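Quick note, the numbering used here runs 1423 ahead of the 1-based positions in the sequence shown.
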Amino acid sequence: MVWYVLDSIISPDSDTAFSLISSPYNLKFVLWYDTNHYLAPGDKLETSDNGLIVNGHLQNVYILDVSTFRSDYWQKLHIYNKCCPGNTNSLSSTCIYKQRCRVKKCPFTPH
């Protein structure tokens, strides 16, 4: 099955991320996963017997949980994780949260 990433949130306190995904039939789910491979908005996901294919390449994405999308829950995730500048679309060359951030491989700025 094919899925598309609509939005993603990094959780700097837990080194995990959340991605809102949608199917061509508008089924929406939230993936909670390890940040070793960040799923960016616009990424195309396909399921296979070998794992998850991201933009045509097999990726080792460790998924912790999948839940049904609820807009109020998604907004709370955004609010709780607003300390990460990548979650607020205010990308800059420096991260003001990097001293406390647990993300080992930041997709937004070098730590």
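We treat Cβ as the ideally placed atom computed from N, Cα and C, and that holds for glycine. Quick caveat: nothing in here was measured; it's all calculated off a predicted structure.
DSSP three-state call for K1482: helix, strand or coil? The displayed chain sequence assigns Gln, not Lys, to residue 1482. When secondary structure is reduced to three states using DSSP, Q1482 falls in the strand class.
Please return the same chain residues whose Cβ sits closer than 7 angstroms to the Cβ of T1470, not counting the five positions on each side in sequence. Cβ within range, chain order: M1424.
Compare the C-alpha of S1445 against each of I1432, V1428 and H1460 and name the closest. Out of I1432, V1428 and H1460, V1428 has the C-alpha closest to the C-alpha of S1445.
Which same chain residues, not among the five before or five after I1502, have their C-beta less than 6 angstroms away from its C-beta? Nothing meets the Cβ criterion.
Name the DSSP bridge partner or partners of Y1583? Residue 1583 falls outside the range modelled here, since the chain spans only 1424 to 1534, and no answer is possible.
Does DSSP put G1465 in a helix, in a strand, or in coil? Coil.
Measuring only the C-alpha atoms, how far is T1511 from T1532? Each residue's Cα considered, the two are about 13 angstroms apart.
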